[in-house]
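Structure first, then comments.
Numbering (full-length UniProt numbering), first residue to last: 1 to 717.
Set out below in structure tokens:
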């Protein structure tokens, strides 16, 4: 099974997307087809044994649209869109430049009807030719879209006006007849409608470009050149020329070209483009660095570890792109309505014309009201309501390190009851640190000397703490490790022992229990330090809560959500961490496989559950939860489990992510509401004669623009 995405030109409303999607879905070998009107592209999954991408392109072309061949990356597509916007602007400018004189002549009753007719004809069939070409293509296939409505309305106004004018001119004295009063002409209606709708499409295209610029901006973040180092010689090469294993020099102020690992130097990197966090992150020998992050201070030599297509930035671009391609479930209703909308409007316009004629109204009155129905109808707003909000929401999320993987995640996030956190790495730092040094610096100095030869997970915490305090750490000799108990050795000629109470019993060391008990009550690991047979102090080691964890828990509870913590830690340790964070509901000693059962149990009680985990051990629970939120460290942002990925930061990002999803979903509902209301109110008003076609065309153009502008508000929060 193969999946392809390709841009489509010529779509002007949601009905276009529905028509193309239907044709693609009916193609033999196609298993899934989705056409996104806002992105102007199709995403199709198909069996290569039954069809080919070229055949899919032909299906689109037969439907009356064009496929953009050789489409490039997001930046190239963004540039192509910019060219289309300029073209749309030129068409609108030409149309209005010719339509305004027609309008002035008609409204001022200045005459020159022939001049009005010529100018209006140029506008309708010149600048507005795209409407009629598309309408004709669709007519041959028995289809209709927004172009059909515009073409019917403007051509009808133009033809009727020319007909009336020719009849009137036949009675002109120069032609041997008796002049009659000037008949009702609608040249200005045809011209202004065309101009307004072209202007509306120009503004809509500009707005859609702003809504969809997130991916292009992400791509632009990457470095273009790099200083490659080979055999001691540095040369500047394009980033695309780099290969895994290459060494590159990154000077202060420059961007890291691709993902890699530090081989020389120390510095601090601005990783805000990945994580949304503005504080630079320190990097030293052996640390991972990521492409497009900015080196702020010292020079670094890094070894490239990822090809351009596999970098964290590339993964983020891919995730955001896929999220924007996928339709949210709420969009299905809009698509279903758009699919039958245009034929229904044509029927309503015909009924309007007949009804007015049957009531004894003049031909021109019936005609004007029917045209008003045709041009007021707007499936465009329905088609733009959902995807533009998703485009803007996912784009803003990407800037803040919040990757929303689908429109479905937006819907799942709106009605949650419980947020379940896996403790390690989400609520806590995920790495032990020394929190207490009881007995003075010598306690830590002796402990660090022993731990410098140990591979135990707690050893790094002790040596790191000693380094932070600038303590001189002596060498150890006769080092020995006792499994499950501790370590011992000779430091500065003294016999030093480090471990738990059992280790001290073996060594014959008397232990004072008060400090040990206090540390245990706080959920910390107590490590006893003894020198030459005497206990000299205790180290308290813990996986400390993240800086903003307590505030994040409080924010979630204030928003009406319950918070629960799961951990494999001992009950006392878990309860101590929970108390620090203000979490009342905690389950300890939970094995990775049991987390799934906890989520299921909550769901069986009728709770809608969000699960926050690291996306590896927690994959089953992330998948089972109503909303799976995977916390990535930067290198693992392409986690498949769950519907959202948070890059960097702490649990405060869960709060920000849920807030963003609520804002985005609320915007979708607002857009759909106003799109529906616009048509529900506008079409009857036009049918009843309360809307002039010119006013209706301006309103129609404005409705699409207003939907996109409302979506753009998400960018500001």
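C-beta atoms are modelled at their ideal positions from N, C-alpha and C, and glycine is treated no differently.
In terms of Cβ geometry, residue 384 and residue 701 do not form a close pair [threshold 9 Å].
Here residue 307 carries a coil assignment [DSSP, helix/strand/coil]. Classified as exposed, residue 112 has fewer than 16 neighbouring CB atoms from the shown chains inside 10 Å of its CB. Residue nearest to residue 117 within the set 132, 127, 165, 92 is 165 (criterion: CA-CA distance). Residue environment for residue 87: exposed (fewer than 16 other C-beta atoms within 10 angstroms of its C-beta).
In the three-state scheme derived from DSSP, where H, G and I count as helix and E and B as strand, residue 253 is classed as coil. With respect to residue 269, residue 289 sits close: the two C-beta atoms are nearer than 9 Å. Put simply, of 6, 46, 47 the residue whose alpha carbon is nearest the alpha carbon of residue 35 is 6. The count of Cβ pairs closer than 8 Å, one atom from the segment 399-419 and one from the segment 617-630, reaches three, so the stretches are in contact. Taking C-beta atoms under 8 Å as the contact rule, residue 377 and residue 345 qualify, at a distance of about 4 Å. Across the structure, residue 394 and residue 263 are spaced so that their CA atoms are roughly 35 Å apart. In the DSSP annotation of this structure, the continuous segment of the beta strand (DSSP E) that includes residue 587 starts and ends at 585-587.
The C-beta separation of residue 440 from residue 537 comes to about 7 Å, placing the pair in contact by the 8 Å criterion. When the five nearest sequence neighbours on each side are left out, the beta carbons in the same chain lying within less than 8 Å of the beta carbon of residue 482 are those of 488, 499, 503, 506, in order along the chain.
Only exposed fits residue 534, as fewer than 16 other CB atoms lie within 10 angstroms of its CB. Around the Cβ of residue 28, a 10 Å sphere holds fewer than 16 other Cβ atoms; the residue is exposed.
Between residue 4 and residue 43, the C-beta gap is smaller than 9 Å, which places the two residues in contact. For the pair of segments examined, the segment 358-365 was found not to touch the segment 231-242: the number of CB pairs separated by less than 8 Å stays below three. Relative to residue 61, the option among 337, 126, 137 whose CA is nearest is 137. Between residue 456 and residue 523, the C-beta gap is not smaller than 9 Å, which leaves the two residues out of contact.
Within the segment 37-110, the runs of alpha helix (DSSP H) that reach at least 4 residues and sit entirely inside it are, in chain order, 53-62, 74-107.
Out of 315, 190, 294, the CA that lies nearest to the CA of residue 226 is found in 294. Under DSSP, the beta-bridge partners assigned to residue 545 are 428. Closest by C-alpha distance to residue 417, out of 96, 607, 11, is 607. For residue 590, the secondary structure class from DSSP, reduced to helix, strand or coil, is coil.
Residue environment analysis places residue 624 among the buried positions, since at least 16 neighbouring C-beta atoms fall within 10 angstroms of its C-beta.
Per DSSP, the unbroken beta strand (DSSP E) holding residue 403 starts and ends at 402-404. In the DSSP annotation of this structure, residue 123 is not part of any alpha helix (DSSP H), being labelled neither H nor E. Taking all protein chains shown into account, residue 477 has fewer than 16 neighbouring C-beta atoms within 10 Å of its C-beta and is therefore exposed. Assignment of residue 129 by DSSP, reduced to helix, strand and coil, places it in the helix class. In the DSSP assignment, the residues bridged to residue 8 are 67. Of the candidates 205, 690, 519, 26, 519 places its Cα closest to the Cα of residue 543. Contact between residue 654 and residue 714 is ruled out by a C-beta separation of about 19 Å, above the 8 Å threshold.
The beta-carbon distance between residue 158 and residue 133, rounded to whole angstroms, is 16 Å. This is too long to meet the 8 Å contact definition. Counting every other CB atom within 10 Å of its CB across the protein chains shown gives residue 170 a total below 16, marking it as exposed. Taking a C-beta distance under 9 Å as the contact criterion, residue 59 and residue 122 do not qualify as a contact pair.
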